[in-house]
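Novice:
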Amino acid sequence: MVKRTSFEGDSCPIARSLEAIGDWWSLLIIREALFGLRRFGEFQGKLGMAKNILATRLRALVDHGILKIAPASDGSAYSEYVLTPKGRGVFTVLVALRQWSEEFDDHPEEIATILVDRDKGRPVRKLELRAEDGRLLSVGETTLKARPAARARRRAG
1 MVKRTSFEGD
11 SCPIARSLEA
21 IGDWWSLLII
31 REALFGLRRF
41 GEFQGKLGMA
51 KNILATRLRA
61 LVDHGILKIA
71 PASDGSAYSE
81 YVLTPKGRGV
91 FTVLVALRQW
101 SEEFDDHPEE
111 IATILVDRDK
121 GRPVRKLELR
131 AEDGRLLSVG
141 ETTLKARPAA
151 RARRRAG
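Sequential numbering of the sequence shown, starting at 1, is according to full-length UniProt numbering.
Here it is in structure tokens:
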């Protein structure tokens with residue numbers, strides 16, 4: 001078995017997030033949890049994953065604080081996987097991935113659903129990146145800058 005590179009402790013926040021949620025199965029588990037699935041069997045049935053892979057991904061999501069294990073909401077002896085605030089925070093990431101696919105997929109007509117506002121039934125607007133003053137920003141209008149604490153650490157080291 002090939003050992004996967006770990007990005008834990010990497011200075012890049014994108015790499016660090018991939019350490020927790022970079023696996024496609026993990027993102028699909030989170031998607032289903034956002035839709036209300038909570039039990040191992042529900043995830044397995046919906047996603048068709050092998051049980052050992054599902055168990056490994058669920059354990060990793062719990063270890064990263066994205067899911068927590070809770071007693072079954074129906075009072076049965078089962079446990080359930082519940083999204084934490086950190087897990088619910090992945091919603092915006094999934095919306096961004098969805099919107100990217102809707103825009104650039106080779107066969108967008110095959111996408112079976114649209115994301116809508118539950119109250120109004122209207123499609124959700126495309127996510128936008130805005131400056132503090134509200135201006136719409138493109139990639140060319142952004143740059144990376146060292147955090148003040150990171151600069152001080154580099155000088156000291």
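By construction, the Cβ of each residue, glycine as well, lies at the ideal position given by its N, Cα and C atoms. Since this is a predicted model, take the numbers as computed values, not measurements.
1) Going by the DSSP bridge assignment, what does Lys68 pair with across the sheet?
2) Give a yes or no on whether the C-beta atoms belonging to Ser79 and Ile69 are separated by under 8 Å.
3) Between Leu47 and Leu28, is the Cβ-Cβ spacing less than 8 Å?
4) On the three-pair Cβ rule with 8 Å, is the region 94 to 104 touching the region 122 to 139?
5) What's the call for Tyr26, buried or exposed, on a 16-neighbour Cβ count within 10 Å?
6) Determine the direct distance from the alpha carbon of Leu83 to that of Gly36, and round the result to whole angstroms.
7) Out of Ile111, Leu115, Arg39, point me to the one whose CA is closest to Leu76's CA.
8) If you follow the alpha helix (DSSP H) that Leu144 is in, where does it begin and where does it stop?
9) Exposed or buried, which one is Arg57 when buried takes at least 16 other CB atoms within 10 Å?
10) Looking at the unbroken alpha helix (DSSP H) that takes in Pro108, where does it start and where does it end?
11) Using CA coordinates, which residue listed in Ser11, Ile21, Leu136, Gly45 is at the minimum distance from Val90?
12) How many angstroms separate the CA atom of Leu94 from the CA atom of Pro148?
13) Starting from Val93, follow its DSSP beta bridges and name the residues at the other end.
14) Quickly, what does DSSP pair Leu136 with across the bridge? List them, please.
Specialist: In terms of the structure at hand:
1) Val82
2) yes
3) yes
4) yes
5) Before going further, note that residue 26 is Ser rather than Tyr in the sequence given. Under this definition Ser26 is a buried residue.
6) 9 Å
7) Sequence inspection shows Ser at residue 76; the Leu mentioned does not correspond to that position. The candidate whose alpha carbon is nearest that of Ser76 is Arg39.
8) Here Leu144 belongs to no alpha helix (DSSP H), and DSSP marks it neither H nor E.
9) buried
10) Note, Pro108: premise wrong, no alpha helix (DSSP H); not H, not E.
11) Ile21
12) 31 Å
13) According to DSSP, Val93 bridges with nothing at all.
14) Arg130
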